[in-house]
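Colleague: In the working numbering, the protein residues as written are 843 to 1059.
Using N, Cα and C, we set each Cβ at its ideal position, and we do this for glycine too.
This structure is a prediction, so every number in the text was calculated from the model and none was measured.
Submitted below is the structure of interest, expressed as structure tokens.
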């Protein structure tokens, strides 16, 4: 098809059992906007053998929850592509998780102020990988405070540890946000389509749907 851009083929940036949220397999723009190059972005949440990110209790309904309760918090996050570290940001604090309307509503009111505060307030602790001399660029966001293990200019391969799953920035529970763009300048970046290999079954060129659990060995 004329003008069609082939997806950037990536490895999953983790191991274990996960599920997708805000997947471009279900809608584009996946997060509802093109802002900050998010057109084809995807979120991943680690789950247990009952496909829960964390057990639900009365506290889940009425109050924020410590991120340490979630199975994904602290999970190793790996480079999904060969390339060079373009930039890193650390120092954002892991905040409490929110999973109910009671706790999510007041958090949503702060969305505009977080957007005005800049990349750190939105992406939290994050790493950007340049997959070529002039891109594309792959962002992994919401990493755990103090967990980033790479530095700008470092060469990485698929599977190189880069940090840990956290709950920093614009995040309501521990997860990793991944997107590919044509620029590392988020004010003008255009999102690029992505696909993955290395998940359950024959997954070359695969994109999981929302809340679809899958395993990565």
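Whose C-beta lies closer than 7 Å to the C-beta of residue 930 among residues of the same chain, with five residues either side of it excluded?
Modeller: Residue mapping note: residue 930 aligns to position 88 of the chain shown, counting from 1. Taken in chain order, the residues that qualify are 969, 990, 992, 993 and 994.
Colleague: Count the C-beta pairs between the stretch 917 to 935 and the stretch 971 to 991 that are closer than 8 Å, then say yes if the count reaches three, no if not.
Modeller: By the Cβ test, the stretch 917 to 935 is in contact with the stretch 971 to 991, since at least three Cβ pairs between them sit closer than 8 Å.
Colleague: With burial defined as no fewer than 16 other Cβ atoms inside 10 Å of the residue's Cβ, what is the status of residue 1057: buried or exposed?
Modeller: For the purposes of this step, residue 1057 is taken as the residue at position 215 of the chain shown. Exposed is the call here.
Colleague: Look up residue 863 in the DSSP assignment and say whether it is helix, strand or coil.
Modeller: Translated into the one-based positions of the chain shown, residue 863 becomes position 21. It is a strand residue.
Colleague: Here's the rule I'm using: 16 or more other beta-carbon atoms within 10 Å means buried, otherwise exposed. How should residue 899 be labelled?
Modeller: Here residue 899 is taken as the residue at index 57 of the chain shown, counted from 1. Looking at its Cβ environment, which holds fewer than 16 other Cβ atoms inside 10 Å, residue 899 is exposed.
Colleague: Helix, strand or coil: how does DSSP classify residue 910 here?
Modeller: Stepping through the chain shown from its first residue, residue 910 is reached at position 68. The answer is helix: DSSP assigns residue 910 an H, G or I state.
Colleague: If we count the other Cβ atoms within 10 Å of its Cβ and call it buried at 16 or more, is residue 946 buried or exposed?
Modeller: On the chain shown, position 104 is the one that residue 946 refers to. That one is exposed.
Colleague: Tell me the start and end of each unbroken alpha helix (DSSP H) in the stretch 875 to 922 that is at least 4 residues and wholly inside, in chain order.
Modeller: When DSSP assignments are scanned along the stretch 875 to 922, the uninterrupted stretches of alpha helix (DSSP H) that are 4 or more residues long and fall wholly within it turn out to be 900 to 904.
Colleague: Counting C-beta neighbours from all protein chains within 10 Å, is the total for residue 904 16 or more, i.e. buried, or is it exposed?
Modeller: Working through the chain shown from its first residue, we reach residue 904 at position 62. With fewer than 16 Cβ atoms within 10 Å of its Cβ, residue 904 is classed as exposed.
Colleague: How far does the alpha helix (DSSP H) with residue 990 in it reach, from first residue to last?
Modeller: If you number the chain shown from 1, residue 990 lands on position 148. Neither: residue 990 is in no alpha helix (DSSP H) and is coded neither H nor E.
Colleague: Compare the C-alpha of residue 878 against each of 938, 1020 and 892 and name the closest.
Modeller: Within the chain shown, the letter at position 36 stands for residue 878. It is 1020 whose Cα lies nearest to the Cα of residue 878.
Colleague: Among the candidates 1035, 1029 and 1055, whose CA atom is the shortest distance from the CA of residue 802?
Modeller: For residue 802 there is no data in the structure shown, the boundaries of the chain being 843 and 1059.
Colleague: Residue range of the alpha helix (DSSP H) that residue 962 falls in?
Modeller: Residue 962 sits at position 120 when you count from the first residue of the chain shown. Where residue 962 is concerned, the enclosing alpha helix (DSSP H) stretches over 961 to 965.
Colleague: Looking at the strands, I want to know which residues DSSP matches up with residue 968.
Modeller: Walking along the chain shown from the start, residue 968 turns up at place 126. Answer is 931, bridged to residue 968.
Colleague: Are there three or more Cβ pairs, one per stretch, closer than 8 Å when the stretch 995 to 1014 is compared with the stretch 1045 to 1055?
Modeller: no
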